[in-house]
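All remarks here apply to the structure that follows.
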Amino acid sequence: MLRGLYTAAAGMIAQQQRNDTITNNINNLNTPGYKAQNSELRSFPEMLMLRLAKGQQTKPIGSLNSGVMMEENVNNFQQGSLKQTQRPFDFAIQSNIQVSGLNFGANGEAVKANGSVVFQPQAYFTVQDGSGNHLYTRDGNFTVNGQGQLVTSDGYQVLGKGGNPIVLTDPATGNPLSKVRVNASGQLFNPNTRQALQNASGQPAALMLSRINSPNQLIPQGNGAYQLSAGASVTPVNAADDVSVKQGYLEQSNVNSAQSMTGLMDALRMYQANQQVIRYTDRSLNLAANEVGKING
Amino acid sequence: MNASELNSLASMHGLQQKLNIISNNIANVDTVGYKSKDAEFQTVLTSLMSQPKGFQLQGRLTPLGVSFGNGVKLAPQQMDASEGSLKVTDQATDLAIQGDGLFAVNVHSTDAAGNVTDRTAWTRDGSFKLTPDAQGNRYLGTAQGHLVLGTSGNPIQVPQGDTIRVDAKGRVFGVDAQGNSTQLDQLQLGKILKPDALQPIGDNLLEAPAGAAPNSVVSTYDPTQVSQPDITVRQGALEQSNVNLAQQMSELTVVERQYQLSARALANADAMMNMASNLHG
Chain A
1 MLRGLYTAAA
11 GMIAQQQRND
21 TITNNINNLN
31 TPGYKAQNSE
41 LRSFPEMLML
51 RLAKGQQTKP
61 IGSLNSGVMM
71 EENVNNFQQG
81 SLKQTQRPFD
91 FAIQSNIQVS
101 GLNFGANGEA
111 VKANGSVVFQ
121 PQAYFTVQDG
131 SGNHLYTRDG
141 NFTVNGQGQL
151 VTSDGYQVLG
161 KGGNPIVLTD
171 PATGNPLSKV
181 RVNASGQLFN
191 PNTRQALQNA
201 SGQPAALMLS
211 RINSPNQLIP
221 QGNGAYQLSA
231 GASVTPVNAA
241 DDVSVKQGYL
251 EQSNVNSAQS
261 MTGLMDALRM
271 YQANQQVIRY
281 TDRSLNLAAN
291 EVGKING
Chain B
298 MNASELNSLA
308 SMHGLQQKLN
318 IISNNIANVD
328 TVGYKSKDAE
338 FQTVLTSLMS
348 QPKGFQLQGR
358 LTPLGVSFGN
368 GVKLAPQQMD
378 ASEGSLKVTD
388 QATDLAIQGD
398 GLFAVNVHST
408 DAAGNVTDRT
418 AWTRDGSFKL
428 TPDAQGNRYL
438 GTAQGHLVLG
448 TSGNPIQVPQ
458 GDTIRVDAKG
468 RVFGVDAQGN
478 STQLDQLQLG
488 KILKPDALQP
498 IGDNLLEAPA
508 GAAPNSVVST
518 YDPTQVSQPD
528 ITVRQGALEQ
538 SNVNLAQQMS
548 ELTVVERQYQ
558 LSARALANAD
568 AMMNMASNLH
578 G
């Protein structure tokens, strides 16, 4: 069998998966807090080709890659633009955390002196799912549930500093609040009395903003939430970090529609090129099977 | 169907729903007391293609496994509770609420088995009329015929020949031909505590969800008990809908373009399927 057949088939599969990722980016063009994904392709392991001839030493011809596969989907964690919604429970994070000694470029990457690439830490809202796991999200499209808790549109509880769900109650009377005012550092206030809200332990309530030091360790869970892979570092955002919360805004997705459409066309044509290779290989095999050795009278 | 096609399909369904919300807002741009609705998109559950340990090579950025998104869905609808502007009509039965309050109305319904139920619903639509009953008694009711409730818990009856006068605190007076006024009742007002929990039930009415504790979503509010009430009633005016037409139109173009892009991605995925099916031949 000709090797090219399988190599081209692997190429088709990889381009199909790349197309899936780009399609998902395009469909999430208007999803708040969505971060675009880029597919990274990798060649199959190389193999060394040897020439075999009777009575002679084998001679190496060179290396050959036997295909390509989808290696990983890497999120682009760049800040999305903010859209004003004027809804009281919509929040956006603006984050530009600096690390001393590193100079992050526009794509959120910095190269260390030893050549290694470091990604910019990012700030996230911390939410809790039904079984108490902490998840991280940039989608600040929150609502208030029947218990007066601030929740995401999926019902995940939004956590406050200290790790308890945020409950909107008036500190003076203990009555539920229908409105809340949040300042840039995430502290909650009663909009009428300007009094700070309190959490369960009597401390001033504030949104729990988490700083993820290596955002690539975040695994998308769907619903705009990310789970942090085990062992990755997460710390509370500290006052020196350039992070601010904006109430009445949502962070737009950072998908670039023109780039995505170009990617889609590219994936389609690469797919087509691989398909053509299969057809040519098939034609060669056809000749080998049906024409070689045929005696034309 | 391949993953790209399913992705676009799910997303186009969500976009269609968003389009429905926008068209409903635009259709209600002149509906008295209508509150604009909106919903945001949300990613659909991600699937993870697992990879064996050998994939952890130097230079790999993410943890093992390749995550694939499955498109978008529409998040639950949210109501914009902000106040609409007031339009002065000088009609005695037109009332508008200023502040985050609601009028209480009685919804009288008969189910298929003939059981009659009366329940309380809430509305911002104060374009009331004097509604006569079978005996010719006149009651204050909504344009759809639901009777407005007083603090007594009963509909507000207006005697024949009287005109009504409503003060800022919601007290309803009947004024007879001689100009003598007598207090008939007081409008039952509710203060919105959890705007997101209110459910629209049609006819511009809102209702607390079934099973919610009384006064937990909308609490009764009596402006006469407060020295400076933050909910007041204005007679002779109507609250206009708070739909911002310019914003709706711009959202419409955004959704339309997004729909186009999703459709194009679907066509692209279809072209791929076509190539795969033409591999042989």
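Protein chains in written order, with the working numbering: chain A, 1 to 297; chain B, 298 to 578.
From the three backbone atoms N, C-alpha and C, an ideal C-beta is built for every residue, glycine too.
Note that the coordinates shown come from a computational prediction; the quantities given were computed from them, not determined experimentally.
- Taking a Cβ-Cβ threshold of 7 Å, the residues of chain B close to aspartate 20 of chain A are Ala300, Ser301, Asn304 and Phe365, in chain order.
- In this structure, A:Val117 is the residue among A:Val117, A:Gly62 and A:Leu41 with its C-alpha nearest to the C-alpha of serine 214 of chain A.
- Contact between the segment 237–248 of chain A and the segment 178–198 of chain A is present: three or more C-beta pairs spanning the two stretches fall below 8 Å.
- In the structure shown, alanine 564 of chain B adopts helical secondary structure according to DSSP, grouped into three states.
- For tyrosine 280 of chain A, the closest Cβ of chain B is not nearer than 7 Å.
- The CB of serine 559 of chain B comes closer than 7 Å to the CB of Ile26 and Asn27 in chain A, given here in chain order.
- Under the criterion of beta carbons closer than 8 Å, glutamine 16 of chain A and methionine 569 of chain B qualify as touching, at roughly 6 Å.
- If you check the CB distance, threonine 23 of chain A and asparagine 304 of chain B come in under 7 Å.
- Sequence-distant Cβ neighbours of alanine 307 of chain B in its own chain, meaning closer than 8 Å and more than five residues away, are Val341, Asn367, Gly368, Val369 and Lys370.
- Residues of chain B with a Cβ closer than 7 Å to the Cβ of arginine 283 of chain A do not exist; the shortest Cβ-Cβ separation is about 11 Å.
- Rounded to the nearest angstrom, the Cβ distance from valine 237 of chain A to leucine 228 of chain A is 15 Å, too far for a contact under 8 Å.
- Residues are counted here when their Cβ sits less than 8 Å from a Cβ of chain B; for the segment 208–228 of chain A these are Asn216, Gln217, Ile219, Pro220, Gln221, Gly222, Asn223 and Gly224, given in chain order.
- Around the beta carbon of alanine 206 of chain A, 16 or more other beta carbons sit within 10 angstroms, so the residue counts as buried.
- Residue-level contact by beta carbon fails for methionine 546 of chain B and chain A, as no gap is shorter than 7 Å.
- Secondary structure within the segment 446–506 of chain B: the beta strand (DSSP E) runs of 3 or more consecutive residues, fully enclosed, are 460–463, 468–472, 478–483, 486–489, 496–499 and 502–504 (chain order).
- Within the DSSP bridge table, the entry for proline 220 of chain A names A:Tyr226 as partners.
- Three or more Cβ pairs closer than 8 Å define a contact, and the segment 413–423 of chain B meets that threshold against the segment 503–511 of chain B.
- Look at the segment 402–442 of chain B and you find these whole runs of beta strand (DSSP E), each 3 residues long or longer: 413–420, 426–429 and 435–438.
- About 59 Å separates the CB atoms of methionine 70 of chain A and valine 402 of chain B; that is not less than 8 Å, and the two are not in contact.
- Bridge pairing for alanine 534 of chain B: B:Val385 [DSSP].
- Under the DSSP assignment, glycine 4 of chain A falls in the alpha helix (DSSP H) whose first and last residues are 3–27.
- Below 8 Å, too few C-beta pairs join the segment 457–475 of chain B and the segment 375–383 of chain B to call them touching: fewer than three.
- If you check the CB distance, leucine 358 of chain B and valine 74 of chain A come in under 7 Å.
- With a minimum length of 3 residues, the unbroken runs of beta strand (DSSP E) contained wholly in the segment 113–157 of chain A fall at 117–119, 122–128, 134–137, 140–144 and 150–152.
- Within chain A, the residues whose beta carbon sits less than 7 Å from that of serine 308 of chain B are Asn27, listed in sequence order.
- One thing to note: threonine 529 of chain B has its Cβ within 7 Å of the Cβ of glutamine 395 of chain B.
- Going by DSSP, aspartate 391 of chain B is part of no beta strand (DSSP E) at all; its letter is neither H nor E.
- What glutamate 251 of chain A touches in chain B, judged by beta-carbon distance under 9 Å, is nothing: the nearest beta carbon there is about 11 Å away.
- DSSP places serine 95 of chain A within a strand segment (E or B) once states are collapsed to three.
- In this structure, the beta-carbon distance from threonine 390 of chain B to lysine 426 of chain B falls below 7 Å.
- Proximity of chain B to valine 144 of chain A at the Cβ level (cut-off 7 Å) is accounted for by Lys491 and Asp493, in chain order.
- Proximity of chain B to methionine 70 of chain A at the Cβ level (cut-off 9 Å) is accounted for by Met346 and Val363, in chain order.
- Not a single CB atom of chain A sits nearer than 7 Å to the CB of phenylalanine 400 of chain B.
- Each residue's CA atom was taken as its position, placing glycine 163 of chain A and methionine 208 of chain A some 7 Å apart.
- Sequence-distant partners of glutamine 275 of chain A (beyond 5 residues in either direction) whose C-beta falls short of 7 Å from its own C-beta, in its chain, are Met12.
- Secondary-structure assignment with DSSP links threonine 529 of chain B through a beta bridge to B:Gln395.
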